[in-house]
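Below you'll find the structure, written out as structure tokens, and then a few comments.
Number of protein chains: 2
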Amino acid sequence: MPQQPSIPKGTRDFGPLEMVKRNYIFDTIKSVFKLYGFQPIETPATENLSTLMGKYGEEGDKLLFKILNSGDYLQHVDGQLLADKDSVKVTTKIAEKGLRYDLTVPFARFVVQHRNELQFPFKRYQVQPVWRADKPQKGRYREFYQCDVDVVGSDSLLNEVELIQIVNDVYKRLGIRVVLKINNRKILAGIAQVIGQPDKITDITVAIDKLEKIGLDNVNEELLSKGLPQSAVDQLQPILKLSGNNNEKLEQIAQVLATSEVGLKGVEELKTVFDWLEPLGLQTPVELDLTLARGLNYYTGAIFEVKALDVQIGSITGGGRYDDLTGIFGMPGVSGVGISFGADRIYDVLEQLDLYPKSASQSTKVLFVNFGLTEQKWCMPVIAKLRAEGIGCEIYPEPAKMKKQMSYANARQMPFVVMVGEEEMQQGKLTLKNMETGEQQSLSADELVAVLK
Amino acid sequence: MPQQPSIPKGTRDFGPLEMVKRNYIFDTIKSVFKLYGFQPIETPATENLSTLMGKYGEEGDKLLFKILNSGDYLQHVDGQLLADKDSVKVTTKIAEKGLRYDLTVPFARFVVQHRNELQFPFKRYQVQPVWRADKPQKGRYREFYQCDVDVVGSDSLLNEVELIQIVNDVYKRLGIRVVLKINNRKILAGIAQVIGQPDKITDITVAIDKLEKIGLDNVNEELLSKGLPQSAVDQLQPILKLSGNNNEKLEQIAQVLATSEVGLKGVEELKTVFDWLEPLGLQTPVELDLTLARGLNYYTGAIFEVKALDVQIGSITGGGRYDDLTGIFGMPGVSGVGISFGADRIYDVLEQLDLYPKSASQSTKVLFVNFGLTEQKWCMPVIAKLRAEGIGCEIYPEPAKMKKQMSYANARQMPFVVMVGEEEMQQGKLTLKNMETGEQQSLSADELVAVLK
Numbered sequence: 002m003p004q005q006p007s008i009p010k011g012t013r014d015f016g017p018l019e020m021v022k023r024n025y026i027f028d029t030i031k032s033v034f035k036l037y038g039f040q041p042i043e044t045p046a047t048e049n050l051s052t053l054m055g056k057y058g059e060e061g062d063k064l065l066f067k068i069l070n071s072g073d074y075l076q077h078v079d080g081q082l083l084a085d086k087d088s089v090k091v092t093t094k095i096a097e098k099g100l101r102y103d104l105t106v107p108f109a110r111f112v113v114q115h116r117n118e119l120q121f122p123f124k125r126y127q128v129q130p131v132w133r134a135d136k137p138q139k140g141r142y143r144e145f146y147q148c149d150v151d152v153v154g155s156d157s158l159l160n161e162v163e164l165i166q167i168v169n170d171v172y173k174r175l176g177i178r179v180v181l182k183i184n185n186r187k188i189l190a191g192i193a194q195v196i197g198q199p200d201k202i203t204d205i206t207v208a209i210d211k212l213e214k215i216g217l218d219n220v221n222e223e224l225l226s227k228g229l230p231q232s233a234v235d236q237l238q239p240i241l242k243l244s245g246n247n248n249e250k251l252e253q254i255a256q257v258l259a260t261s262e263v264g265l266k267g268v269e270e271l272k273t274v275f276d277w278l279e280p281l282g283l284q285t286p287v288e289l290d291l292t293l294a295r296g297l298n299y300y301t302g303a304i305f306e307v308k309a310l311d312v313q314i315g316s317i318t319g320g321g322r323y324d325d326l327t328g329i330f331g332m333p334g335v336s337g338v339g340i341s342f343g344a345d346r347i348y349d350v351l352e353q354l355d356l357y358p359k360s361a362s363q364s365t366k367v368l369f370v371n372f373g374l375t376e377q378k379w380c381m382p383v384i385a386k387l388r389a390e391g392i393g394c395e396i397y398p399e400p401a402k403m404k405k406q407m408s409y410a411n412a413r414q415m416p417f418v419v420m421v422g423e424e425e426m427q428q429g430k431l432t433l434k435n436m437e438t439g440e441q442q443s444l445s446a447d448e449l450v451a452v453l454k
Numbered sequence: 002m003p004q005q006p007s008i009p010k011g012t013r014d015f016g017p018l019e020m021v022k023r024n025y026i027f028d029t030i031k032s033v034f035k036l037y038g039f040q041p042i043e044t045p046a047t048e049n050l051s052t053l054m055g056k057y058g059e060e061g062d063k064l065l066f067k068i069l070n071s072g073d074y075l076q077h078v079d080g081q082l083l084a085d086k087d088s089v090k091v092t093t094k095i096a097e098k099g100l101r102y103d104l105t106v107p108f109a110r111f112v113v114q115h116r117n118e119l120q121f122p123f124k125r126y127q128v129q130p131v132w133r134a135d136k137p138q139k140g141r142y143r144e145f146y147q148c149d150v151d152v153v154g155s156d157s158l159l160n161e162v163e164l165i166q167i168v169n170d171v172y173k174r175l176g177i178r179v180v181l182k183i184n185n186r187k188i189l190a191g192i193a194q195v196i197g198q199p200d201k202i203t204d205i206t207v208a209i210d211k212l213e214k215i216g217l218d219n220v221n222e223e224l225l226s227k228g229l230p231q232s233a234v235d236q237l238q239p240i241l242k243l244s245g246n247n248n249e250k251l252e253q254i255a256q257v258l259a260t261s262e263v264g265l266k267g268v269e270e271l272k273t274v275f276d277w278l279e280p281l282g283l284q285t286p287v288e289l290d291l292t293l294a295r296g297l298n299y300y301t302g303a304i305f306e307v308k309a310l311d312v313q314i315g316s317i318t319g320g321g322r323y324d325d326l327t328g329i330f331g332m333p334g335v336s337g338v339g340i341s342f343g344a345d346r347i348y349d350v351l352e353q354l355d356l357y358p359k360s361a362s363q364s365t366k367v368l369f370v371n372f373g374l375t376e377q378k379w380c381m382p383v384i385a386k387l388r389a390e391g392i393g394c395e396i397y398p399e400p401a402k403m404k405k406q407m408s409y410a411n412a413r414q415m416p417f418v419v420m421v422g423e424e425e426m427q428q429g430k431l432t433l434k435n436m437e438t439g440e441q442q443s444l445s446a447d448e449l450v451a452v453l454k
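Going line by line, the protein sequences match chains Y and S. Read in the working numbering, the first sequence has 27 at position 26, and its numbers run on one by one without any break. Read in the working numbering, the second sequence has 182 at position 181, and its numbers run on one by one without any break.
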């Protein structure tokens, strides 16, 4: 007896119930993307390792799944490397391809490779799996979907505004209450510049982040302990004590950053975004949050993060502006801005809040009970008629026991069954049973279509 | 300057235009699958090599893409194996996972692994990419999608009939004229049995296949040259001279197979399928074709193949019944039947016959021309209103030259543009221009919604 089969750790099978829920999420997100004029693309699961390596840091290189070259791949590997069992060096000789690690680098590669066929600004969305050889743990998988939406080739802040609108629309449709936090990399750069500590930005944002939890005095102490001089900590005080609404906070920041050109540019950008958003009356609160520091080496302008208000879970959407995505592939000066929706976390939020629409699980509306070959043959044209009218239906493929057939209909959550026996065939009628109420009706085929449609 | 980036050979990027067409195909196929009560599943891209190896023959094992283990994978490999540069043996030590080669083996693994959660008969569809390290050539890729639909856990021939109905419905919706060829493995087994040549089945079907091209005499000569005794060739004559409609042919076959139990069972099965199909009046002709021998070692009952009538191209859909799919994973006695749609070939057929619906390429209905920041801000709530009504629209993100904005709208095949300048803002009206006719209308926001909806 063979061993019970299994799948690689960190990967998942999705059965029908999960698929219906996942498709509900993907379809909702995609339908919003489309309303904003974003177009789908897909890239191959495998990329050349030369495309992927060095793009995600040293740690990232290790997390790439690498694909063994085909054929007699060891033939041309230097014997000494093999004798040394130097896994890292041997890898470069026996693996040329890897599985994509995210959708951003393949997108950059796509834009550069197809630059002459594309219309700029190029607005694309991409919903595909990515793979990472991370240690699997709760909520972290080795294969998971990303849902990315990006605009490249436009500096306009209108793109930032539209991405925020997209976040608002997606979560409104899904029924999830969220807050969108926004920051700007240029403001962080300005703060570092003004206090003369450009390499302490991370320490500063980490400290600010603890403000509510540990209080101002402790934060100041922590900053000193991280090596910030007293003068820098003093200069930071207005930043730590920011209060009021977004625009009031921006005013206070602007005063601190008065001498920093880049810092004031950041303030100006955020002001414009808030100004343009204001008349749109979004349901989603948009909050300035200086502690947002994701992708710090990567983003050059806006930084976004979205949190669910009613579930304790990390960021469910995030992104920002990057000024030179395609530079690594030899096409400099193309600015982009994008966000990524985390499907797995959104799934968990919907599950916890019980927000999936009930209809999502009903793919088949009615089961025709199979009473025997004659009845089956009598029913088949009626079933074909229902399907032609767009009504999903099934007939149990064998004349199995009634109980078995009914429990099949129940397990599949079908709202109706149709029964046709000798009497029905004689009268040219079908008996429709409502599985919830138990109510039965005797109907002609045409009437059945009308009732089920 | 970095090298122009590229993708692994045999793989493809899909840009927006291709995606729209591909999604049209996938959506059409899936919508039919759903009407018949099939449910979606997805399995991981990677499977354990123990699941995949040995399932596709020796050649298939070589065509599997294998994934290098993570970390210091060479550490525990026997030094002698490395010194010998024995690629095949070393592979088993350094790669535990591979990319799936088809959807059938992962499906079998899925059924066995989740047997206790599934409702049988289990009707599933699966639309996912597969990977093969084949030599790339025109129309053959290393990454391509399969669209599989299968029922497991039911012996009923109703399943065969419903799969034929699905083929009919899919191609009717796509507008492709096709013929469905059907054979039965049991008939081939019966022929081999009756003439006492069980190992010559392939030679026989190849010879029958040449009948039209080279004539009966040459076919008989070829059979003799393949080592069939004269007596066997004599017995085959009625099979070679089959004439009439499907049922008449089956009668003639039944006479030849009078002494073969399995052969007569095959005849009986096909008779039932034809009998049940008849009253449904399908548009697609269904033809008995004894030369159909695909998956001969695999299929145990019906064998299907679908050919386009108006384009010279290979089979665009195929499948059959297999009596022991899950046996390899320790769950014997579960019969299944399924078919697989070849998305790439269907794509080519639609392209050649120019059958894509025109609407498929229009994702955005209208572009708002950007005349400047004031106009842009004025337009933004109107745009939000259109999107809330489900109308896909965009505003050009910068106040670029009119010509540039119009050429963007043209290249994206947008049917309308909206122009709002000073005059429009004063009057609270928007100018809608039909890009095809050139016609212009002055409309309020509400009127605009009504016209575009």
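Ideal Cβ placement from N, Cα and C applies to all residues, glycine included.
**Request:** Kindly say whether K378 of chain Y, judged by its beta-carbon, lies nearer than 8 Å to any beta-carbon of chain S.
**Result:** At least one chain S Cβ lies under 8 Å of K378 of chain Y.
**Asked** Applying the criterion that 16 or more other CB atoms from any shown protein chain within 10 Å of the CB defines a buried residue, is G264 of chain S buried or exposed?
**Response** With 16 or more other Cβ atoms within 10 Å, it is buried.
**Within the segment 102 to 161 of chain S, ranges of the beta strand (DSSP E) (whole runs, at least 3 residues)** = Counting only runs of 3 or more, we get 123 to 132 and 144 to 153.
**Item:** Where P41 of chain S sits in the DSSP three-state scheme
**Value:** In the structure shown, the three-state DSSP call for P41 of chain S is strand.
**Prompt:** By a C-beta neighbour count over all protein chains shown, 10 Å radius and 16 as the cutoff for buried, is M415 of chain Y buried or exposed?
**Reply:** Classification for M415 of chain Y: buried.
**Request:** Return no unless some Cβ of chain Y is closer than 8 Å to the Cβ of E60 of chain S.
**Result:** no
**Asked** Between K454 of chain S and chain Y, is there a C-beta pair that is closer than 8 Å?
**Response** no
**Asked** How many whole angstroms separate the CB atoms of Y348 of chain Y and K31 of chain Y, which I take to be in contact at a CB cut-off of 8 Å?
**Response** The pair is not a contact, with the Cβ atoms about 15 Å apart (cut-off 8 Å).
**Message:** Tell me which residue opens and which closes the beta strand (DSSP E) that Q236 of chain S is part of.
**Reply:** Note, Q236 of chain S: premise wrong, no beta strand (DSSP E); alpha helix (DSSP H) at Q231 to L241.
**Request:** Taking V452 of chain S as part of the alpha helix (DSSP H), name the residues at either end of that continuous run.
**Result:** A446 to L453
**Message:** Which residues in chain S have a C-beta closer than 9 Å to the C-beta of C394 of chain Y? List them in chain order.
**Reply:** L36, Y37 and G38
**Request:** Pick out whichever of S:V152, S:D355 and S:V168 has its Cα sitting closest to the Cα of E399 of chain Y.
**Result:** S:V152
**Message:** Using the three-state DSSP reduction, which class does V307 of chain S fall into: helix, strand or coil?
**Reply:** Collapsing the DSSP output to three states places V307 of chain S in a strand.
**Prompt:** For K35 of chain S versus G393 of chain Y, is the C-beta distance shorter than 8 Å?
**Reply:** The Cβ atoms of K35 of chain S and G393 of chain Y sit closer than 8 Å to each other.
**Message:** Spatial neighbours of G373 of chain Y within its chain, please: C-beta separation below 8 Å, excluding the five flanking residues on both sides.
**Reply:** P400
**Asked** Which two residues bound the contiguous alpha helix (DSSP H) that contains T273 of chain S?
**Response** E262 to L278
**Asked** If we call anything under 8 Å between Cβ atoms a contact, is V307 of chain S one with G319 of chain S?
**Response** For the pair V307 of chain S and G319 of chain S, the CB atoms are nearer than the 8 Å cut-off.
**Request:** Give me the Cα-Cα distance between K454 of chain S and V367 of chain S, rounded to the nearest whole angstrom.
**Result:** Computed Cα separation, rounded: 11 Å.
**Message:** I'd like to know whether the C-beta of I8 of chain Y is nearer than 8 Å to at least one C-beta of chain S.
**Reply:** yes
**Message:** Contact defined as beta carbons within less than 8 Å: I believe E161 of chain Y pairs with Y37 of chain Y. What is the distance between those atoms, to the nearest angstrom?
**Reply:** No, E161 of chain Y and Y37 of chain Y are not in contact; Cβ-Cβ is about 13 Å, not under 8 Å.
**Prompt:** Using the C-alpha atoms, what's the distance from R13 of chain S back to Y74 of chain Y?
**Reply:** 24 Å
**Request:** Measuring only between beta-carbons, confirm whether Y323 of chain S sits less than 8 Å from chain Y.
**Result:** no
**Unbroken beta strand (DSSP E) run spanning R322 of chain Y, endpoints** = T318 to Y323
**Prompt:** F145 of chain Y CB to nearest chain S CB: under 8 Å?
**Reply:** no
**chain Y residues whose Cβ lies nearer than 7 Å to that of Q427 of chain S** = Per Cβ cutoff of 7 Å: no residues; Q427 of chain S is ~18 Å from chain Y at best.
**Message:** Between E48 of chain Y and chain S, is any beta-carbon pair separated by less than 8 Å?
**Reply:** yes
**Item:** Beta-carbon proximity check, P333 of chain S vs D345 of chain S, cutoff 8 Å
**Value:** No, they are not a contact pair.
**Message:** Residues in the same chain with beta-carbon distance under 6 Å from Y146 of chain S, minus the five sequence neighbours each way, listed in chain order, please.
**Reply:** Closer than 6 Å at the Cβ level, and outside the excluded window around Y146 of chain S, lie P130 and A344.
**Asked** Mind checking M403 of chain S: buried by the 16 CB within 10 Å criterion, or exposed?
**Response** Under this definition M403 of chain S is an exposed residue.
**Message:** Please confirm whether L75 of chain Y has its beta-carbon closer than 8 Å to some beta-carbon of chain S.
**Reply:** Yes, because at least one Cβ of chain S sits closer than 8 Å to the Cβ of L75 of chain Y.
**Prompt:** Since V234 of chain Y and L251 of chain Y are thought to touch, with beta carbons under 8 Å apart, how far apart are those beta carbons, to the nearest angstrom?
**Reply:** At roughly 22 Å, the Cβ-Cβ gap does not stay under 8 Å, so V234 of chain Y and L251 of chain Y are not in contact.
**Under 8 Å between C-beta atoms of E118 of chain Y and G16 of chain S** = yes
**Request:** Look at R110 of chain Y and F330 of chain Y and say whether their C-beta atoms are less than 8 Å apart.
**Result:** yes
**Residue burial classification, R133 of chain S (beta-carbon count within 10 angstroms, cutoff 16)** = buried
**Message:** When you compare the CB of G1 of chain Y with every CB in chain S, is at least one pair closer than 8 Å?
**Reply:** Beyond the ends of chain Y as shown, which are 2 and 454, falls residue 1 of chain Y; an answer cannot be given.
**Request:** Answer yes or no: does any C-beta atom of chain S fall closer than 8 Å to that of M403 of chain Y?
**Result:** no
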